[in-house]
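Each position in the sequence shown, counted from 1, maps to that position plus 12 in my numbering.
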Amino acid sequence: SLFDFGLFYGLWDMTNDAAKFDIRDLLKRRFPDRARSVSFVSNHDVDRFQPINRQKRALAYAITCTMTGMPSVFH
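Quick look at the structure:
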């Protein structure tokens, strides 16, 4: 399994500049082998340096939990 950083950065763009973001682009940014991909919103590494907008994090988690693959919830 591999972490889906393409989706992570898509979610980061979506939560930080929603007015310019087209939600359809999330599917284009995903890891091609979706059965092996691990979707995530936060983890111990990215949360320190480039966190997803905390006020909109629930939306990002909702999206990752509905996509194909293995969602990872960092708590």
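In this text, a Cβ means the ideal position worked out from N, Cα and C, and glycines have one as well. The structure presented is a predicted model; accordingly, all values stated were derived computationally and were not measured.
Using CA coordinates, which residue listed in the options is at the minimum distance from residue i?
i          : options    : result
residue 17 : 70, 87, 48 : 48
residue 40 : 53, 84, 79 : 79
residue 25 : 87, 64, 74 : 64
residue 60 : 86, 33, 74 : 86
Let me know the secondary structure DSSP gives residue i once reduced to three states.
i          : result
residue 26 : helix
residue 20 : helix
residue 61 : helix
Below 8 Å on the Cβ atoms is my contact criterion, and I expect residue i with residue j to pass it. Report the Cβ-Cβ distance as a whole number of Å.
i          : j          : result
residue 69 : residue 58 : Incorrect: roughly 12 Å between the Cβ atoms, too far for contact.
What does the Cβ neighbour count give for residue i, buried or exposed, with the cut at 16 atoms within 10 Å?
i          : result
residue 30 : exposed
residue 74 : exposed
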